[in-house]
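To start, the structure itself, in structure tokens.
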Amino acid sequence: MNLGRVIGTVVATRKEQSMDGIKFMLVRHVDPEGKETGSFVVAADAVGAGPDELVLVATGSSARQTVATDKRPCDAVIMAIVDSWDVDGTEKYKK
Amino acid sequence: MNLGRVIGTVVATRKEQSMDGIKFMLVRHVDPEGKETGSFVVAADAVGAGPDELVLVATGSSARQTVATDKRPCDAVIMAIVDSWDVDGTEKYKK
Amino acid sequence: MNLGRVIGTVVATRKEQSMDGIKFMLVRHVDPEGKETGSFVVAADAVGAGPDELVLVATGSSARQTVATDKRPCDAVIMAIVDSWDVDGTEKYKK
Amino acid sequence: MNLGRVIGTVVATRKEQSMDGIKFMLVRHVDPEGKETGSFVVAADAVGAGPDELVLVATGSSARQTVATDKRPCDAVIMAIVDSWDVDGTEKYKK
Amino acid sequence: MNLGRVIGTVVATRKEQSMDGIKFMLVRHVDPEGKETGSFVVAADAVGAGPDELVLVATGSSARQTVATDKRPCDAVIMAIVDSWDVDGTEKYKK
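Chains as they are written, first to last, in the working numbering: chain V, 1 to 95; chain S, 96 to 190; chain R, 191 to 285; chain A, 286 to 380; chain H, 381 to 475.
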């Protein structure tokens, strides 16, 4: 999974029908120090993530292993909201 | 998913038979600021995207989860046409 | 899919048995301007591509969705031979 | 698979329900010389890896082929703890 | 697939049980000129590859399509040993 920060949403009315009701979030990748890396992904939201929240994103076929995304043309999903993480014993982020 | 702009089409007469009728689009990737990143992908079109439209592209096995691409050797699909997106509360693109 | 040019072939006698009869092609990636990008892939040939031909390559599990590659340990397949493509209304390649 | 070093853990209370009980580890990638490459991944732990241990990480759909991760939205898993490796006949790491 | 050279082996006693008996090989990627590219992968060996041999590596779910790796958490497999390859009519490698 990748760490990321929710920076916005994408609106798309015309889409593959199975994607109706899926919320598309813009997520910027974040490194273990908490810095944005410059890369990003558009991910479906399976957990009700809000703006600015730190999240975990699963990609590829694993992105379809949620109730919201099963059998849908979706290659990235927010499947967890991050509370905290640590690196070498030091807390690097706490919500 | 990736954000992209449709920049052209690819014509291929000789191909795996299951790909008959699939339209191949050249899509340049676009970042959250709306700038082209330089990378691109050839994607099957599942939603009737036209030239210059901003789209979402799903890749990998998820690219086969549309009516048009099911069970086909297709690793990228346009599965939505983008109306708008915002970053940190600011609208960055509107159709 | 990726655009590429067939630059050669790879011969491998000792291999997973299911790969018998599969032809391995060296394919250099090509960008929308028709320039080689420097990266490459070894792809199974599902369409009878010849040297120097411009082709489309599908990767990942989608590379197994051809008659030739089904259920085989093959992660890249030439599934179409390119006739032409255009970018922003200008033809960039014609066979 | 990738070589990596476990550098920390990620805590996430709100997540896709099927991920309950999965431990998320921060893993920095390591090259054959044993040097960290700068890239990293958040991986589910299937083998009880501890801090600082060198591990193998499998990604993509293969990350779901463990008892712990089967059918879950998980795209990276620690599936082995490394005892040692050698390069061109020289031992580069020993636990 | 990728071209690579077997540079070593990785020993891991503690691992997902289904990986028992799988041999992990360190493989450095090689370009069509035969030069190492700097990147590498740890791949399961399905064909009895030895040190220094040039091989083909399949990744992703395709890495599970061998007798040795079926249904295992394995995302890279050596599925062929390379005898030779040519680029633009010139032989670049011969075993």
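Ideal Cβ positions, reconstructed from N, Cα and C, are used throughout, including at glycine.
- In this structure A158 (chain S) touches C169 (chain S) by the C-beta definition: roughly 5 Å separates them, less than 8 Å.
- Ranked by how close their Cα comes to the Cα of V30 (chain V), the residues A:K308, A:G323, A:D316, A:P317 have A:G323 in first place.
- Note on geometry: alpha-carbon atoms of V340 (chain A) and R123 (chain S) lie some 37 Å from one another.
- Close to G250 (chain R), with beta-carbon spacing below 7 Å, are these residues of chain S in chain order: G155, S156, D170.
- Secondary structure of G279 (chain R) (DSSP, three-state): coil.
- Taking a contact as a CB-CB distance under 8 Å, the pair M120 (chain S) and E16 (chain V) does not count as one, their CB atoms being some 15 Å apart.
- When the five nearest sequence neighbours on each side are left out, the beta carbons in the same chain lying within less than 8 Å of the beta carbon of Y378 (chain A) are those of G319, L339, V367, S369, W370, in order along the chain.
- Closest option to K308 (chain A), judged by alpha-carbon separation, among A:A331, A:F325, A:E321: A:A331.
- Taking every protein chain shown into account, the CB of T259 (chain R) has 16 or more other CB atoms within 10 angstroms, so this residue is buried.
- In this chain, the beta strand (DSSP E) harbouring G38 (chain V) covers 36–45.
- Counting along the chain, V407 (chain H) sits inside the beta strand (DSSP E) bounded by residues 404–410.
- Taking a Cβ-Cβ threshold of 8 Å, none of the residues of chain V is close to K308 (chain A); the smallest such distance is about 12 Å.
- Of the residues assessed, R290 (chain A) falls on the buried side of the cut-off, its CB having 16 or more other CB atoms within 10 angstroms.
- G155 (chain S) carries a helical assignment under DSSP once its states are collapsed to helix, strand and coil.
- Each residue's CA atom was taken as its position, placing T185 (chain S) and A361 (chain A) some 33 Å apart.
- Within 10 angstroms of the beta-carbon of T161 (chain S) lie 16 or more other beta-carbons, which makes it buried.
- Nearest to S251 (chain R) by alpha-carbon distance, out of R:G238, R:D242, R:A233, is R:A233.
- Proximity of I292 (chain A) to chain V, defined by a Cβ-Cβ separation below 8 Å, is satisfied.
- M79 (chain V) sits in a strand when the DSSP states are folded into three classes.
- Counting along the chain, R290 (chain A) sits inside the beta strand (DSSP E) bounded by residues 287–296.
- For S179 (chain S), DSSP records a beta bridge to V:V11, S:K189.
- Interface criterion met: the Cβ of D178 (chain S) is under 8 Å from a Cβ in chain V.
- Using a CB distance cut-off of 8 Å, V467 (chain H) counts as an interface residue toward chain R.
- Cβ-Cβ distances below 8 Å link G293 (chain A) to M310, L311, P336 in the same chain, with the five nearest sequence neighbours on each side left out; the list follows chain order.
- Chain order gives the chain A residues near P32 (chain V) as I292, G293, L311, R313, F325, where near means a beta carbon separation below 8 Å.
- What K225 (chain R) touches in chain H, judged by beta-carbon distance under 9 Å, is nothing: the nearest beta carbon there is about 16 Å away.
- In summary, R299 (chain A) is exposed, with fewer than 16 beta-carbon neighbours lying within 10 Å of its beta-carbon over all protein chains present.
- Sorting H:V421, H:V390, H:R452, H:D468 by C-alpha distance to the C-alpha of M286 (chain A) places H:V421 at the top.
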